[in-house]
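Step one of this worksheet: look at the structure below.
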DNA sequence: CCTGGAGTTGTCCTA
DNA sequence: TTAGGACAACTCCAG
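Numbering (our numbering), first residue to last: 282 to 713.
What follows is the structure in structure tokens.
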């Protein structure tokens, strides 16, 4: 194919699937050259997923929306498939690419990928520009006075807020629609790309629950969470716009957004925690790792309704209420003594909002191995949690239709026995 | 360098 | 019925 004669700059969409308030895209549009919008279905990632993974469907739908808006400007999205490097080899052979723009991503794989792409492009004389977009504060923006990263949430949050409040209000920029590259690339359909549509759907986020969020956020039956997380994961919303919208209200909810950035900077500074305990002190724990018990946990067949209901919500919808995530995770690590990495991997496969940094951080928290983690002797009692947070069995009955009949299994383990055993195994694991 | 206060989300037992 | 301490001491962080 002949190289088009028009010089272009490329904006590479990754986890920022929106046209509005997109830092890298806005800068590309100001470059003075027409912007070619690009998305790559990265084989290294998608080959590990099921063909009908609901997250692929969501990405595709988000891209289709972007494409529809681009069509009105006389442009369209270029969708490629393969490894990022092979895609850029092809792209630079087809277009006169002058610059490539993208937003920064802090996961170990992404850092490595972006490094390689930048090396390849700059070698061809193409300039690469990247931007902070998915967080308010990244990397070393919020660090201690001695220059090292925080590992405890509360002081991190205090510094985060101090910086956030003292910075100038963020201006949300309008999109310059005349600056897109004029072309007409048809968007291939999902099946053509080798995927199938999933029955599981990402729902829209809902801020109408915020006024009661503080009182009801721990009651899974109330369903009073925002469902914002998958949108933050894939960047269909802008974190700046959300914080602008919140203002000084809804402090408890805002804290959750700060947790997100806390764990992102933990992963950035301590990438090895993806596979290793944050605190090596806990490396000696002898996990039982019983496969039969693990699959019962996965399927929601442990006989503990407060565990099983959460797992079934996850399996059926791709969501799990936050309170249930804590209970199911604690049960796996403490009651069953199964390595947190097994649970982490299962959540990674199933959660629509799966975010490496939060998943690792929170699983290590539940296991007691993480930074700022729950003390190991803090063992959730699923019955106590039910009395506190689902006392009318509303949530349980919603997700376990056979609850209360003889079809529902007996508990696979007795609580007081499991509790004692966990205390012993942990204690032994941390002995010097 | 030293010091003291604090640390997301619990549970169980005893008085 | 309810309040308080034990769980086990440790590390982090600011002054």
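Quick reminder that beta carbons are idealized off the backbone N, C-alpha and C, glycines included.
Note that this is a predicted model, so its numbers are computed, not measured.
Cα-Cα separation between residue i and residue j, rounded to whole angstroms
i: residue 399; j: residue 301; result: 25 angstroms
i: residue 484; j: residue 508; result: 7 angstroms
i: residue 282; j: residue 446; result: Its pLDDT being 44, under 50, residue 282 is placed unreliably in this model, and the value from its coordinates should be taken loosely. About 53 angstroms.
i: residue 444; j: residue 423; result: 8 angstroms
i: residue 374; j: residue 510; result: 38 angstroms
i: residue 326; j: residue 598; result: 22 angstroms
i: residue 417; j: residue 297; result: 14 angstroms
i: residue 473; j: residue 366; result: 21 angstroms
i: residue 482; j: residue 471; result: 15 angstroms
i: residue 636; j: residue 573; result: 27 angstroms
i: residue 328; j: residue 698; result: 42 angstroms
i: residue 659; j: residue 335; result: 35 angstroms
i: residue 600; j: residue 500; result: 15 angstroms
i: residue 468; j: residue 352; result: 11 angstroms
i: residue 536; j: residue 630; result: 26 angstroms
i: residue 411; j: residue 388; result: 15 angstroms
i: residue 646; j: residue 434; result: 12 angstroms
i: residue 657; j: residue 605; result: 19 angstroms
i: residue 312; j: residue 303; result: 15 angstroms
i: residue 527; j: residue 632; result: 26 angstroms
i: residue 728; j: residue 576; result: The structure shown does not extend to residue 728, since the chain spans only 282 to 713, so no value can be given for it.
i: residue 676; j: residue 550; result: 38 angstroms
i: residue 558; j: residue 673; result: 38 angstroms
i: residue 714; j: residue 615; result: What is shown of the chain runs 282 to 713, which leaves residue 714 out entirely.
i: residue 562; j: residue 552; result: 18 angstroms
i: residue 322; j: residue 339; result: 13 angstroms
Cβ shell of residue i (< 6 angstroms), same chain only, five flanking positions each side left out
i: residue 578; result: 613
i: residue 569; result: 618
i: residue 376; result: 285 and 289
i: residue 310; result: 316, 457 and 460
i: residue 439; result: none
i: residue 437; result: 431 and 543
i: residue 709; result: none
i: residue 531; result: 491
i: residue 475; result: none
Boundaries of the beta strand (DSSP E) in which residue i is found, first to last residue
i: residue 439; result: Unbroken run through residue 439 is the alpha helix (DSSP H), 434-447; no beta strand (DSSP E).
i: residue 359; result: 359-363
i: residue 316; result: 316-323
i: residue 341; result: Run containing residue 341: none in the beta strand (DSSP E); it sits in the alpha helix (DSSP H), 335-352.
i: residue 289; result: 288-294
i: residue 379; result: 377-384
i: residue 409; result: 408-412
Alpha helix (DSSP H) segment containing residue i, residue limits
i: residue 646; result: 637-648
i: residue 557; result: Taken as a continuous stretch (DSSP letters only), residue 557 belongs to no alpha helix (DSSP H), as it is neither H nor E.
i: residue 307; result: 304-310
i: residue 399; result: 389-404
i: residue 678; result: 675-680
i: residue 669; result: 663-670
i: residue 706; result: 696-710
i: residue 655; result: Here residue 655 belongs to no alpha helix (DSSP H), and DSSP marks it neither H nor E.
i: residue 573; result: 572-580
Beta-carbon proximity list for residue i, same chain, < 7 angstroms, skipping 5 on both sides
i: residue 402; result: 369, 381 and 409
i: residue 678; result: 684
i: residue 465; result: 357
i: residue 644; result: 610, 621, 624 and 625
i: residue 415; result: 296, 297, 384, 516 and 520
i: residue 641; result: 548, 554, 555 and 625
i: residue 654; result: 645 and 646
i: residue 545; result: 387, 416 and 638
i: residue 488; result: 507
Residues of its chain near residue i, where Cβ-Cβ distance is below 8 angstroms and the 5 sequence neighbours each way are ignored
i: residue 662; result: 696 and 700
i: residue 525; result: 450, 451 and 453
i: residue 502; result: 671, 673, 675, 676 and 679
(request) Count the C-beta pairs between the stretch 378-391 and the stretch 285-294 that are closer than 8 angstroms, then say yes if the count reaches three, no if not. (result) Counting C-beta pairs closer than 8 angstroms gives three or more between the stretch 378-391 and the stretch 285-294, which meets the contact rule.
(message) With three or more beta-carbon pairs closer than 8 angstroms as the criterion, would you say the stretch 692-710 touches the stretch 589-600?
(response) no
(request) Mind the definition here: the stretch 343-350 touches the stretch 490-497 only if three or more C-beta pairs lie below 8 angstroms; say whether that holds. (result) No, because fewer than three Cβ pairs between the stretch 343-350 and the stretch 490-497 fall closer than 8 angstroms, the two stretches do not touch.
(message) Could you tell me which whole beta strand (DSSP E) segments of length 3 or greater appear in the stretch 489-555?
(response) none
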